[in-house]
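See structure below.
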Amino acid sequence: MALIGKIRDNSWILIGLVGLALAGFILMDMVSWSNRGGMGGQFTMGKVAGKTIDWNDFQRSEQILYQNAQGDPFGRRNSLWNFFVEEAIVSKEADALGLGVGKDELKDLQFGNNLSPIIQQRFGDPNTRQVDVKRLMEIKQAIEKNQLPPQLREYWAEQEKEIIKDRLQSKLTALVSKSLYLPTWQANQINNEQNTHVSLNYVKIPFDKVGDAQVKVTDAELEKYLADNKAVYTRDEETRRIAYVSFLVRPTAADSAKINSEVAALVAPFRETTDDSSFVENNLGIIDGNYFRKDQLSPAIADIVMTQPAGSVYGPYQEGSAIKAVKILDRKVVADSVRSRHILIGAQDAAGLATAQKTIDSLKTLVESGAVSFDSLAARYGQDATRTKGGDLGYAAPGNMVKEFNDLIFFRAEPKKYYTVTTQFGVHLVQVTDKKSSGKVGARLAYLQQPLIPSKETQDSVYQVALEYVSKHRTLEEMTKTAATNPAEKIETTGPLAKNDFHLGTLGGGNSGREVVRWAFGQGTNNNNVNVGDVSREIFSFENQQDNYLDKYIVVALKSVQPAGTPTLANVRDEIEMQVKNIKKAELMKGQDLSALATQYGLKIDTASTVAFNAMFVPGIGSEPKLVAAAFSAAPNTKSAIAGNTALFAYQVTGKEQPSGTPMDVATIRRQVLGMQQSQVRGRLMQALTKKANVQDNRAKFF
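In my numbering, the protein residues as written are 5 to 707.
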C-alpha cells in the first residue's frame with residue numbers, strides 16, 4: 005500500500021515516462037517510414053514537370069488496374085511508373101498548347117467507331133483481334149444507368165486517364181510529325197545512298213580465332229578509346245555491376261525415377277481409354293490435330309510411331325526436360341503441299357465478323373449453285389491481294405498458313421468442295437484446288453508428359469551447398485581465387501544495373517532480381533552500405549519460368565560502381581579492353597591476302613554483292629554498319645580489315661556502282677523517309693520531353 009501511495013504521489017513522473025516512451029515509438033516509426041519514403045511528405049515517389057507522384061495514388065492505381073494479374077509485378081510497376089511520368093508531361097504540354105479531349109471524343113474513343121488502342125487491346129480477342137463490342141455496349145449501358153459495379157467503376161475511371169493521356173500524346177505527336185520536312189538536297193543525298201552499291205569479298209573471322217596473346221593493349225590506348233567513345237559509356241544515373249556464382253538445381257536420378265513411375269502408372273489407362281481428349285486433358289497432356297511425317301517426329305519415337313498399330317501407347321520415355329508417353333491415334337497419307345483459293349472478308353469487331361460470315365455464306369450458296377464463278381466473286385468481293393488472280397493462294401506447305409486455315413486445307417477439306425473458316429484475318433470462303441503428295445504417311449498423336457522437376461529434398465541439398473560456399477567466401481577476391489581452381493564455381497557478371505532495375509539478363513527478373521539490385525544499392529533488408537568486393541550473406545533463388553520451380557541459387561558480390569556521367573577507365577576497363585583488343589586484332593590482318601587468311605583460320609571467302617550504303621542488314625553478314633561504311637570509303641581492290649559487331653572482317657572491295665542518270669523521284673523519297681521518321685516521332689518526342697522534365701525518381705525507397 006505504501007508503494008501504491010508513493011506512485012500516486014509521483015504520478016507526474018510516471019505520466020512523463022509513458023509520454024517519452026510513446027514519443028520514442030512514434031519517432032522510431034517515423035524514421036522507419038522515412039527510410040522507405042513514408043511519413044509526412046515522404047510518400048512522394050517522384051516529381052515530374054512540377055507534379056508530385058504520390059505513393060498512395062500509385063498503389064491505388066496498381067491495385068485497381070492489375071488486381072489478380074499474373075506475371076512479374078516489377079514489370080507492371082515499371083509500366084505504371086512510365087504512365088504517371090508521361091501523363092504529367094503530356095498534360096503540361098497539352099495545357100500549354102490548348103489541347104484537350106472532350107466528352108464526346110472520349111465517348112467515341114471508348115465505345116464508338118474510333119476506339120482507343122487501349123480499348124482495342126483490352127477488349128480484343130488475342131487470336132482474332134476482334135473487339136468484344138457486345139461487352140463494351142453492356143458497360144456503356146451500365147454507365148448511362150449508373151449501374152456499373154464499384155470495382156469496374158474504379159477500373160474504368162483509371163482506364164479513362166490512360167485513354168486521355170494516349171489521345172493527347174497522339175495529338176502532340178501529330179503536331180510534330182506534320183512539321184517534318186525533307187529538303188531537295190537531302191532527298192538527293194538519300195537517293196545517292198540508296199542507289200550507290202558496293203560489292204566485296206570477305207572472310208568472317210570469329211573474335212576468339214585470334215588469340216588475345218597476339219595483341220598487347222596499353223592504358224593509353226584504352227584511355228584514348230574511352231575518350232573517342234565517351235557518349236557510348238556516359239550514364240545519366242549511377243550503375244552497378246554484380247558478380248555471381250550459380251548453384252544449379254537439377255533433378256537427381258531418384259527424382260527422375262519417381263516422375264517416370266508416375267507416368268508409367270498412366271500408360272495402361274491411356275491405352276484403354278476410348279475418350280482420348282478427356283483423358284489427355286485431365287492428365288495435363290496435349291493432342292495436336294496435325295499429322296506428322298516420320299522426319300518431323302522426335303528420333304526417340306519416330307520408328308515406333310510409324311510401325312505400331314493405331315491405339316498403341318509407347319512410354320515412358322525422356323525427351324528434353326520431360327518424361328512422356330505417346331499414343332498413336334491415327335495414320336494416313338498426308339499431302340506435301342496444297343493449292344487453294346479463297347475469298348476473304350475482313351472484320352474489325354464482333355458485328356463486322358457476323359456481317360462477314362453472312363456475306364461468305366451467301367457467296368458459298370451462289371458458287372455452289374453454279375450461277376456465278378469463283379473467280380468473278382473473288383474479284384468483286386475479295387479483300388486481299390489474291391482478288392486479282394481469282395483468289396489463288398498457290399501451293400502451301402504444312403504449317404505455312406495460320407492454324408485454322410492450315411488444318412482445314414490439309415486435314416478436313418476435300419478437293420473441289422467449298423468451306424468457310426474464320427481466322428484472325430476475317431472469314432474465308434475456301435476451295436482446295438490441288439494436292440501434291442509423295443505418299444508419305446503422317447501420324448496424329450496424343451501425349452502425356454510431366455516435367456522433370458527436382459524434389460524439395462534436392463533443392464534443399466543444393467541450398468546447403470550454396471550456404472556453405474557463402475560462409476567461406478566473404479569477399480569477391482576469395483570468390484575469384486576459388487573460381488581459378490574450380491571451374492564449376494565460375495564467376496559471371498551482369499551488365500550495368502540502375503537502382504530501379506529488376507531484370508538481371510539471363511538470370512531473369514521478378515522479386516529475386518529486384519532484391520539483388522536492392523542489395524547492391526544498399527537498399528536491402530538490412531539497409532546496409534555495400535562496398536565494392538562485398539558478398540551478400542543472403543542467398544538469392546531464381547525460378548524456372550516454364551515449370552515454376554527453384555532451378556538455381558546464386559551468391560552475389562558487388563563488382564563495380566559507375567557514377568553518373570563519364571566513367572573512369574577503372575569503371576569500364578573490362579568492356580573497353582575487349583573492344584580495343586578486337587580492333588588491334590583487325591589491324592593485324594590489314595593488307596593480308598584473303599585466301600591466306602581463309603586457309604590460316606580454316607574458313608572460306610564469301611561475297612556480298614550490290615550492298616547499299618544504307619543497308620541495315622546484309623545477307624550472310626548480318627547487321628554490320630561499320631563494315632559497310634568502311635567498304636564504301638575504301639578504294640577498289642584495297643585489302644583491309646575491321647572489327648565488326650559480331651566478328652572480325654577481312655575484306656576487299658571488288659566494285660562500286662554509282663546512281664544512273666535516271667531522274668530522281670523526290671516525292672517518293674520524301675514519302676518514304678518522312679513516313680519512317682514520323683513513325684519514330686512518338687517515342688523520340690517522349691524521350692526528349694522526359695529528359696527536359698528533370699524527373700525526380702524515388703521509387704527505390706518503396707519497392
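Where is the CB? At the ideal position from N, CA and C, for every residue including glycine.
Being a predicted model, the structure only gives us computed values, none of them experimental.
- Query: Are K55 and A100 closer than 8 Å when you measure CB to CB?
  - Reply: Not a contact, by the Cβ cut-off of 8 Å.
- Message: Beta-carbon within less than 7 Å of A654's beta-carbon, same chain only, minus the 5 sequence neighbours each way: which residues are those?
- Response: Here the set comprises Y206, V207, I209, M593, Q596, L598, L601 and A645.
- If you compare alpha carbons, which of L631, G606 and Q454 is closest to F617? When only C-alpha atoms are compared, the closest one is L631.
- Query: Quick one, which of V202, N195, E496 and N504 has its alpha-carbon nearest K563's?
  - Reply: It is E496 whose Cα lies nearest to the Cα of K563.
- Within the stretch 365–402, ranges of the alpha helix (DSSP H) (whole runs, at least 4 residues): Counting only runs of 4 or more, we get 378–385.
- Task: Mark V89 as exposed unless 16 or more other C-beta atoms lie within 10 angstroms of its C-beta, in which case mark it buried.
- Result: The residue is buried, with at least 16 neighbouring Cβ atoms inside 10 Å.
- Item | Bridge-paired residues (DSSP) for T243 | T243 pairs with Q566.
- Spatial neighbours of A314 in its chain, beta-carbon cut-off 7 Å, leaving aside the 5 residues before and after: For A314, where only same-chain residues beyond five positions count, the Cβ hits under 7 Å are I332, L333, D334 and R335.
- Item | F621 classed as buried or exposed, judged by whether at least 16 other C-beta atoms fall within 10 angstroms | So F621 counts as exposed.
- Query: Which term fits L689, buried or exposed, when burial requires 16 or more other beta carbons within 10 angstroms of its beta carbon?
  - Reply: That one is buried.
- Task: Could you tell me which residues DSSP pairs with K328 in its beta bridges?
- Result: According to DSSP, K328 shares a beta bridge with Y321 and Q453.
- Task: Using the Cα positions of L412 and T427, report the straight-line distance between them to the nearest angstrom.
- Result: One C-alpha to the other measures close to 11 Å.
- Query: What is the DSSP secondary structure of S15, counted as helix, strand or coil?
  - Reply: Here the model assigns S15 a pLDDT of 48, short of 50, so the residue's position is not dependable, and the following value carries that caveat. The three-state reading of DSSP puts S15 in helix, counting H, G and I together.
- Can at least three beta-carbon pairs, one atom from the stretch 454–461 and one from the stretch 432–440, be found at a separation below 8 Å? Counting C-beta pairs with one atom in each stretch, the stretch 454–461 and the stretch 432–440 have fewer than three that are closer than 8 Å, which means they do not touch.
- Should V376 be labelled buried (16 or more other beta-carbon atoms within 10 Å of its own) or exposed? Looking at its Cβ environment, which holds fewer than 16 other Cβ atoms inside 10 Å, V376 is exposed.
- Query: With respect to the alpha helix (DSSP H) encompassing G517, which residues constitute its N-terminal and C-terminal limits?
  - Reply: Per DSSP, G517 belongs to the alpha helix (DSSP H) from G514 to A524.
- Query: So, helix, strand or coil for Q428, using DSSP?
  - Reply: It is coil, neither helix nor strand.
- Message: Judging by CA-CA distance, which residue of F414, S203, A146 and I147 is the nearest neighbour of A401?
- Response: Of all alpha-carbon atoms in F414, S203, A146 and I147, the one lying nearest the alpha-carbon of A401 is that of F414.
- Taking the alpha-carbon positions, what's the T272 to I327 distance? Contrary to the premise, residue 272 reads as Ala rather than Thr in this sequence. Their backbone Cα atoms lie some 16 Å apart in a straight line.
- Item | Segments of 4+ residues assigned as alpha helix (DSSP H) that fall wholly inside the stretch 266–311 | Here the runs fully enclosed are 280–286 and 306–311.
- Tell me whether V105 counts as near the ligand FMN, meaning its Cβ is closer than 7 Å to at least one heavy atom of that ligand. As for the ligand FMN, it is missing from this structure, which has no ligand bound.
- Task: Give the DSSP-derived three-state secondary structure of M690 in the structure shown.
- Result: Of the three classes helix, strand and coil, the one that applies to M690 here is helix, per DSSP.
- Would you mind stating whether L226 and A635 have Cβ atoms separated by less than 8 Å? No, they are not a contact pair.
- Give the secondary structure of M620 by DSSP, where H, G and I count as helix, E and B as strand, and everything else as coil. In this structure, M620 counts as coil in the three-state DSSP scheme.
- Message: Using DSSP's beta-bridge definition, name the partner residues of N548.
- Response: Its beta-bridge partners are Y553.
- Message: Checking the sheet assignment: what are the DSSP bridge partners for H346?
- Response: In DSSP, H346 forms a bridge with V434.
- Task: On the DSSP bridge assignment, give the partners of F251 in chain order.
- Result: F251 has Y557 as its beta-bridge partners, per DSSP.
- Query: Can you give the Cα-Cα distance for A692 and L449, rounded to whole angstroms?
  - Reply: Distance between the alpha carbons of A692 and L449 is about 55 Å.
- Task: Leaving aside the five residues before and after T694 along the sequence, list all residues of the same chain whose C-beta is less than 7 Å from its C-beta, in chain order.
- Result: If you ignore the 5 residues before and after T694, its C-beta comes within less than 7 Å of the C-beta of V89 and I93, all in its own chain and listed in chain order.
- Through-space distance from Q198 to M680, alpha-carbon basis: Whole-angstrom Cα-Cα distance: 15 Å.
- Query: Below 8 Å between beta carbons: does that hold for Y295 and G394?
  - Reply: Not a contact, by the Cβ cut-off of 8 Å.
- Task: Look at the alpha carbon of S120 and the alpha carbon of S174, and state the distance between them as a whole number of angstroms.
- Result: Between S120 and S174, the C-alpha separation is close to 11 Å.
- Cβ separation of V560 and W523, assumed to be a contact under 8 Å, to the nearest whole Å: Contact holds; Cβ gap of about 7 Å.
- If you count every other CB in all the chains shown that lies within 10 Å of the CB of L252, and 16 or more means buried, which is it? Label assigned to L252: exposed.
- Item | Proximity below 8 Å, CB of K588 to CB of V221 | In this structure, K588 places its C-beta atom within 8 Å of the C-beta atom of V221.
- Task: Determine the direct distance from the alpha carbon of K107 to that of L433, and round the result to whole angstroms.
- Result: If you draw a straight line from the Cα of L433 to the Cα of K107, it is about 42 Å long.
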